[in-house]
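Below is one structure, written out as structure tokens; comments come after it.
In structure tokens form, the structure reads like this:
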């Protein structure tokens, strides 16, 4: 019974049938994401975003009449698996481009493979700075980076919250550690006292002793670089222990409709961050944003969120570049598609997407949102704000 | 925040540690019973706890049933699941302990992926507690903490009573000590195995909903409770029910104190060092009332 | 085994088979300790120590990766010796629990000593293996997959040789005696402590070398990657699947399970492949309780 269920369920993950017209072969693109394991939630979200972009393009007739075929693979959050699966996609399926990727330590080896096979790779949610720092990989692109999170977060704390002291809690993963260090350095520069700076192991079931320390130190704001499940426990314990803070900010995991749904009233007035959510979109993209949100709900029966949008945006970028190459008479050679990616400048609901010479996005910047009566309301930076902050915050 | 007293800190730390420790003991109870009586090293323990949690979650969300009333259906369902596990593991041949370790590792993978398909990769959470300020303790306590503490205490005492005060318990303890000798003494070892699986399953079903209320549910979140159960049970010594509660409390206290005084990033190391130290200081545990050095794990 | 020389462009198969050699070597290293009856679930401690020692030596001193790998093995060996002396009174499940706990000590230190190890950020850009020219062939495992394939094949073959000695030689008989009854073995003159010491340090050193090789092949490591429960569980599962008392048992486990999983299960069920992997393990162990290797051997004789 289970096998049948998984067969039907995972059908969305198999090759999307390319019912193209006879004589025009399909275009294959590959995706590597953590579809199982502890990161499965976000991996599946990115997958759905990518799948939606592919189906959207196909429903408009594909690229120059050629249908796009998506082949998805799981990386299990393990580098050897990510490499094997990427090699399989590149070697057996001869994909014209790669998308996806959630964990930096897996994105890096896949990007090297992309360079070896001369196939462009657009990473969906990679942040780490060292990835594009040292070497130039002309086949690597990504739609997000860390500065787009740290900058708005810090300016929010400096200009709006203005706490006397903050606590920074982050997880023992490279992305979160880099985040914690950046935020700490910047807040100290602007004269905010970082009283507590601590790291914890993901999957920790209890934060009560840490919270006691916050209470003892009289910390006014807490920045938690943990992920979705960490916020679930941390916020619940903050409520249970009656800890009062001026602001609780979680860059990853708070600004999700599903977080609000699971936490209920306990989520009120927390601050989160996102690049997009329904109703929180780049000025000028309102129609596209609503169309995406509605179309996505119709297709998958659930609400799209910022992670889905990252997947969607990365696939959109790749598809646009493939289209550019085919339209100008190219034959989808990796070098040509990468050139098109480098020249790309499109407006998506999440960001105005253009890459710099390292493959980093030029205009990526997240917004700070507050959960108000079960809704996500953008509150910072001022040019993106959709409402006023409600105090006292958490 | 300014009127905090030192006493408050200590009391709060103690209350939190006890609640955390009771939670650990509760998670370990089913594993310890099954492992003790049947020598089954069940690596799918955490997945079974999650299963109980999911049952309770859907009763809670879907039918609006209070968490306490979801305990009996969860226990019943997990009792059934444990009997299915028993039916599978009956086919496992010697070396039994090691082979069950690997077979249940495989079963855990199957269960994780089945749960992913059925329950999706979303994180689930059962409500959250209300907090009280207990004047008598001079500390905040949540109703989840109280429930966990009482359930853990009650379950441990019941198992302890069963083992020490009943005839069945005597037979179970004899089986824990030496299967062959118990068989020769006329004890139906196979019945004991069945009873241990059934009771253990019910205890897992008891822990599941409270696990979902204390942390969260995710199809791949089973390895943490499995590890905790292994640590607490073996640490306490096989068959020593009271030891479980004591071991859980000790672990909870060590962890809380480490986080408070040294910082969250040292938690795992300090706990590990104290664990090793205690294993060495009390190598007799329970295991070894008659341990034969050199015998296989 | 030499087919990559003749098959053009078999990169994918080269890579997957190469990794299955790697995990076979890891399983063989683990089994050397298991042959004395001590089941460890903490071998990732040696793996991580080897990986970090080698990567950091290479980073700070720029020594040849080949020398760093040896040092990585040595660091595993030292920790193995420590295990031997500290865990002396522990047996069975309590030994296993102690090995599990012992992983946290190096892991947390590596995680927190940011000045030396770069902490949770991990270490990136670890130097790859340089080219070597054995008998006129040009092999550079850092760049060519074929060379990597041969390096891992060579590694597995040498581990297999050591494992063969551990099963069949006088030393192997002594290990078996220790496994079956330590007291009795001692009374007939088997140097129980020396045997146990040799087994744990050898096993640890070989696992440390695996970790070191991993760091240079991957080019990047993180504490959570090289100190992971996954790496502790994998050799145990592969060895028991293949047959613990067979010379080639652990190799068989890895050569069957790993390629099957990577080439087929992943392609068939991208988001439920692990269920199939688990099912194969369950069914195999129920039908062949002593592992595939033992069953094959019976079939052949």
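Protein chains in written order, with the working numbering: chain F, 1 to 394; chain P, 1001 to 1297; chain B, 2001 to 2301.
For each residue, glycine too, the CB sits at the ideal point set by N, CA and C.
Any beta-carbon of chain F closer than 7 Å to the one on residue i?
i, result
"residue 1224/P", "yes"
"residue 2218/B", "yes"
"residue 1299/P", "Lying before the first or after the last residue shown, residue 1299/P is absent from chain P, which here runs from 1001 to 1297."
"residue 1084/P", "no"
"residue 2030/B", "no"
"residue 1140/P", "yes"
"residue 1150/P", "no"
"residue 1020/P", "yes"
Nearest by alpha-carbon distance to residue i: which of the options is it?
i, options, result
"residue 1054/P", "1118/P, 1085/P, 1143/P", "1118/P"
"residue 2078/B", "2098/B, 2093/B, 2061/B, 2050/B", "2050/B"
"residue 1126/P", "182/F, 138/F, 79/F, 233/F", "233/F"
"residue 1204/P", "1191/P, 1019/P, 1226/P", "1226/P"
"residue 2014/B", "2056/B, 2263/B, 2103/B, 2298/B", "2263/B"
"residue 1141/P", "1016/P, 1270/P, 1267/P", "1016/P"
"residue 2158/B", "2178/B, 2247/B, 2033/B, 2120/B", "2247/B"
"residue 25/F", "66/F, 354/F, 32/F", "66/F"
"residue 2066/B", "2024/B, 2125/B, 2151/B", "2151/B"
"residue 215/F", "165/F, 184/F, 173/F, 192/F", "165/F"
"residue 30/F", "274/F, 51/F, 298/F", "51/F"
"residue 2084/B", "2268/B, 2245/B, 2107/B, 2202/B", "2202/B"
Spatial neighbours of residue i within its chain, please: CB distance less than 7 Å, with the 5 preceding and 5 following residues excluded, ordered by chain position.
i, result
"residue 1276/P", "none"
"residue 380/F", "152, 156, 160, 367, 368"
"residue 2105/B", "none"
Would you say residue i faces chain B, with C-beta separation under 7 Å as the test?
i, result
"residue 1268/P", "yes"
"residue 69/F", "no"
"residue 390/F", "no"
"residue 87/F", "yes"
"residue 307/F", "no"
"residue 209/F", "no"
"residue 1183/P", "no"
"residue 1265/P", "yes"
"residue 1204/P", "no"
Check whether the Cβ of residue i lies closer than 6 Å to any heavy atom of the ligand HEM, and answer yes or no.
i, result
"residue 47/F", "Inclusion of the ligand HEM in the displayed structure is not the case, the ligand content being empty and no account of it being possible."
Does residue i get closer than 7 Å to chain P when you measure Cβ to Cβ?
i, result
"residue 2195/B", "no"
"residue 37/F", "yes"
"residue 44/F", "yes"
"residue 258/F", "yes"
"residue 374/F", "no"
Leaving out the 5 sequence neighbours to the left and right, which residues in its chain are closer than 6 Å to residue i when beta-carbon positions are compared?
i, result
"residue 2019/B", "none"
"residue 1255/P", "1267, 1271"
"residue 1038/P", "1193, 1196"
"residue 1152/P", "1022, 1025, 1026"
"residue 1183/P", "1189"
"residue 376/F", "255, 277, 369"
Excluding the five sequence neighbours on either side, which residues of its own chain have a C-beta within less than 8 Å of the C-beta of residue i, listed in chain order?
i, result
"residue 2122/B", "2220, 2221, 2222, 2223, 2225"
"residue 1273/P", "none"
"residue 388/F", "379"
"residue 1257/P", "1013, 1017"
Check your understanding: With contact counted as at least three CB pairs below 8 Å, one residue from each stretch, are the stretch 2283-2297 of chain B and the stretch 2233-2247 of chain B in contact?
Key -> The stretch 2283-2297 of chain B is in contact with the stretch 2233-2247 of chain B.
Check your understanding: Taking the runs of the beta strand (DSSP E) that are 3 residues or longer, which of them lie wholly in the stretch 251-316 of chain F?
Key -> Qualifying beta strand (DSSP E) stretches, in chain order: 271-274.
Review point. Pairing CB atoms from the stretch 1243-1253 of chain P with CB atoms from the stretch 1038-1050 of chain P, are three or more of them under 8 Å?
Key: Result no; under three Cβ-Cβ pairs closer than 8 Å.
Check your understanding: Could you give the uninterrupted runs of the alpha helix (DSSP H) lying entirely in the stretch 1218-1273 of chain P, keeping only those of 4 residues or more?
Key -> List check, alpha helix (DSSP H) in window: 1223-1236, 1241-1261.
Review point. Does the stretch 197-212 of chain F touch the stretch 259-277 of chain F, meaning 3 or more C-beta pairs lie closer than 8 Å?
Key: No, the stretch 259-277 of chain F does not touch the stretch 197-212 of chain F.
Point to revise | Every unbroken alpha helix (DSSP H) inside the stretch 2214-2282 of chain B [4 residues or more] | key: Those alpha helix (DSSP H) runs which fall completely within the stretch 2214-2282 of chain B and span 4+ residues are 2223-2226, 2229-2242, 2249-2259.
Review point. Going along the chain, which unbroken runs of the beta strand (DSSP E) with 3 or more residues stay wholly within the stretch 1110-1143 of chain P?
Key: For the stretch 1110-1143 of chain P, whole beta strand (DSSP E) runs of length 3 or above, ordered along the chain, are 1131-1134, 1139-1142.
Exercise for review: Report yes or no: do three or more beta-carbon pairs, one from the stretch 136-148 of chain F and one from the stretch 107-122 of chain F, lie closer than 8 Å?
Suggested key: With the rule of 3 Cβ pairs closer than 8 Å, the stretch 136-148 of chain F counts as touching the stretch 107-122 of chain F.
Point to revise | Stretch pair the stretch 1022-1034 of chain P + the stretch 1187-1204 of chain P: three plus CB contacts closer than 8 Å | key: Three or more pairs of CB atoms, one per stretch, sit closer than 8 Å, so the stretch 1022-1034 of chain P contacts the stretch 1187-1204 of chain P.
Check your understanding: On the three-pair Cβ rule with 8 Å, is the stretch 211-220 of chain F touching the stretch 332-339 of chain F?
Key -> Fewer than three pairs of CB atoms, one per stretch, sit closer than 8 Å, so the stretch 211-220 of chain F makes no contact with the stretch 332-339 of chain F.
**Study point:** Cβ pair count under 8 Å reaching 3, the stretch 1104-1115 of chain P against the stretch 1216-1226 of chain P
**Key:** Contact between the stretch 1104-1115 of chain P and the stretch 1216-1226 of chain P is present: three or more C-beta pairs spanning the two stretches fall below 8 Å.
Exercise for review: Just list the alpha helix (DSSP H) runs in the stretch 180-224 of chain F, keeping only unbroken ones of 4 residues or longer that don't cross its boundaries, in chain order.
Suggested key: You should have 208-217.
Exercise for review: Determine, using beta-carbon pairs with one atom in the stretch 60-78 of chain F and one in the stretch 316-333 of chain F, whether at least three such pairs fall under 8 Å.
Suggested key: Using a C-beta cut-off of 8 Å, the stretch 60-78 of chain F makes contact with the stretch 316-333 of chain F, since at least three inter-stretch Cβ pairs fall below that distance.
Check your understanding: Touch check for the stretch 72-91 of chain F and the stretch 337-351 of chain F: three-plus C-beta pairs under 8 Å?
Key -> With a cut-off of 8 Å, the stretch 337-351 of chain F and the stretch 72-91 of chain F do not count as touching, because too few Cβ pairs lie within range.
Exercise for review: Answer yes if the stretch 237-255 of chain F comes into contact with the stretch 1135-1149 of chain P, meaning at least three C-beta pairs across the two stretches below 8 Å, and no otherwise.
Suggested key: The answer is yes - the stretch 237-255 of chain F touches the stretch 1135-1149 of chain P, with three or more Cβ pairs under 8 Å.
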